[in-house]
Amino acid sequence: MFDKFRKKIGWEDKNKENSNTKRNCLIDEMIGKKLGKLCALIGNPVSHSLSPAMHNAAFESLGLDYTYIAFEIDEAHLLDTVVAFKQIGVVGFNVTSPFKSSIIRYLDGMSSEAEKIDAVNTVVNQNDRFVGYNTDVFGAIRTLENSKIRIKDECFLIIGGGGAAKALAYAILKEKGKVIISNRTYENAKKIADRFENYGEIDAVPMGKELYKLFDKIKVVVNCTPVGMAPNENNMPIEPTLIRKDMAIFDLVYSPPETMFMKEAKKRGAKTISGLDMLVYQGAAAFELWLGRKAPVETMRKAVEETLNQMPVWKYDRYRKR
Numbered sequence: 031m032f033d034k035f036r037k038k039i040g041w042e043d044k045n046k047e048n049s050n051t052k053r054n055c056l057i058d059e060m061i062g063k064k065l066g067k068l069c070a071l072i073g074n075p076v077s078h079s080l081s082p083a084m085h086n087a088a089f090e091s092l093g094l095d096y097t098y099i100a101f102e103i104d105e106a107h108l109l110d111t112v113v114a115f116k117q118i119g120v121v122g123f124n125v126t127s128p129f130k131s132s133i134i135r136y137l138d139g140m141s142s143e144a145e146k147i148d149a150v151n152t153v154v155n156q157n158d159r160f161v162g163y164n165t166d167v168f169g170a171i172r173t174l175e176n177s178k179i180r181i182k183d184e185c186f187l188i189i190g191g192g193g194a195a196k197a198l199a200y201a202i203l204k205e206k207g208k209v210i211i212s213n214r215t216y217e218n219a220k221k222i223a224d225r226f227e228n229y230g231e232i233d234a235v236p237m238g239k240e241l242y243k244l245f246d247k248i249k250v251v252v253n254c255t256p257v258g259m260a261p262n263e264n265n266m267p268i269e270p271t272l273i274r275k276d277m278a279i280f281d282l283v284y285s286p287p288e289t290m291f292m293k294e295a296k297k298r299g300a301k302t303i304s305g306l307d308m309l310v311y312q313g314a315a316a317f318e319l320w321l322g323r324k325a326p327v328e329t330m331r332k333a334v335e336e337t338l339n340q341m342p343v344w345k346y347d348r349y350r351k352r
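Its first residue numbered 31, the sequence shown is counted upward by one per residue in my numbering.
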């Protein structure tokens, strides 16, 4: 079954001259094995992903005959992958960068939240219909609530312009918070602000002096960029001198587990929140959508922490919720 699937989406081209396709070596290990029901992750890259460890630990703890595999694919094979997933009866799959928006045109439906955000990170097979959801919203809100962060009426600075920034902006506005969004490419931040202008108070501000003048009213800074990810651990999304002790810093980067941004925030007495919690909570929400049963959250958390601690520095890659 998996050999046929591999050929379907072009992985057999790996050794051909001038091939642009990438092949996930996990396929070779899984061919011929009894995998039970399949869940998956698609993205590029996915080698850094903690999702296989997280979900497979959850399946094993509940005695379920399920397997979760990460597939690294190219944009050219996105449609073929979706078709092949449907043909082999994949229960559901996660979507990570750079396909959170481009996957939408190949789905049979979307949740209202995913449609509003225009980004999908979880797909559920509902009677052979692939329906897209966005569990990043739940993951973000749950993480902030568990960290005792007040959202209503507070001002959040979101740094970023991609799918994670869109989900965070929507989540905060949904809970009646206020959003300032900024990004190195201002146009991307402006698009997000324009998209959500009818959902609450949100403004796009260019990075630099104009943004820094607004810091007195900012209570929480959310880093939705890969800045600070190894091997560039010393980089930070903003100047640390802007951090106050009455602020909170929420860094979606989770490798390394404590970023330089978080370290500098701690030095200044600010509260820090790791992206690891959001990873676990969005993953648990996806698990429950696929299986219709409660996810073993603490088992999933333990699996990602153990895997991350064992991961060599050279494997740290771009931030991916997956």
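A virtual CB, placed ideally from N, CA and C, is assigned to each residue, including glycine. Bear in mind that the values here come from a model prediction, so they are computed numbers and not experimental data.
- Proximity to Met330 across Ala260, Phe317, Arg323 and Ile133 peaks at Phe317, based on C-alpha coordinates.
- Within 10 angstroms of the beta-carbon of Asn164 lie 16 or more other beta-carbons, which makes it buried.
- Inter-segment contact for the stretch 94-106 and the stretch 334-343 is absent: fewer than three beta-carbon pairs are separated by less than 8 Å.
- Proximity of the stretch 274-281 to the stretch 206-221 falls short of the contact definition, fewer than three beta-carbon pairs being nearer than 8 Å.
- For the stretch 60-106, the continuous beta strand (DSSP E) assignments of 3+ residues that do not extend past its boundaries occur at 67-73 and 96-102, in sequence order.
- Cβ neighbours of Val283 within its own chain (closer than 6 Å, five residues either side excluded): Gly258, Met259, Thr289, Gly305 and Tyr349.
- Cα atoms of Lys220 and Gly190: separation of roughly 11 Å, rounded to the nearest angstrom.
- Contact between the stretch 295-313 and the stretch 130-147 is absent: fewer than three C-beta pairs spanning the two stretches fall below 8 Å.
- Residue pairing of Tyr163 in beta bridges, as defined by DSSP: Thr152.
- Going by DSSP, Asn253 is part of the beta strand (DSSP E) stretching over Val250 to Asn253.
- Contact between Val167 and Tyr136 fails: their C-beta atoms lie close to 22 Å from each other, not under 8 Å.
- Scanning its chain for C-beta atoms nearer than 6 Å, with the 5 sequence neighbours on each side dropped, one finds around Leu187 the residues Ile210, Ile248 and Val251, in chain order.
- Around the C-beta of Asp281, 16 or more other C-beta atoms lie within 10 Å, and the residue is accordingly described as buried.
- Rounded to whole angstroms, Glu335 and Ser81 show a C-alpha spacing of 11 Å.
- With fewer than 16 other beta carbons inside 10 angstroms of its own, Gln117 counts as exposed.
- In the three-state scheme derived from DSSP, where H, G and I count as helix and E and B as strand, Val120 is classed as coil.
- Our two residues, Leu319 and Ile134, have alpha carbons roughly 18 Å apart in a direct line.
- Under the DSSP assignment, Asp307 falls outside any beta strand (DSSP E), being part of the alpha helix (DSSP H) whose first and last residues are Gly305 to Leu321.
- Of the residues Ala314, Gly207, Glu145 and Arg225, the one whose Cα lies closest to the Cα of Ser132 is Glu145.
- A direct Cα-Cα distance of roughly 40 Å separates Asn264 from Val120.
- Contact annotation: Ala114 and Ala333 have beta-carbon atoms that are not nearer than 8 Å.
- From the listed residues Ala197, Tyr242 and Glu175, the smallest Cα separation to Phe226 is found for Ala197.
- Contact annotation: Lys206 and Lys243 have beta-carbon atoms that are not nearer than 8 Å.
- The three-state reading of DSSP puts Lys301 in strand, counting E and B together.
- Assignment of beta-bridge partners to Ala278 by DSSP yields Val250 and Lys301.
- The residues Tyr96, in chain order, have a CB closer than 6 Å to that of Phe89 in the same chain once the five nearest residues on each side in sequence are set aside.
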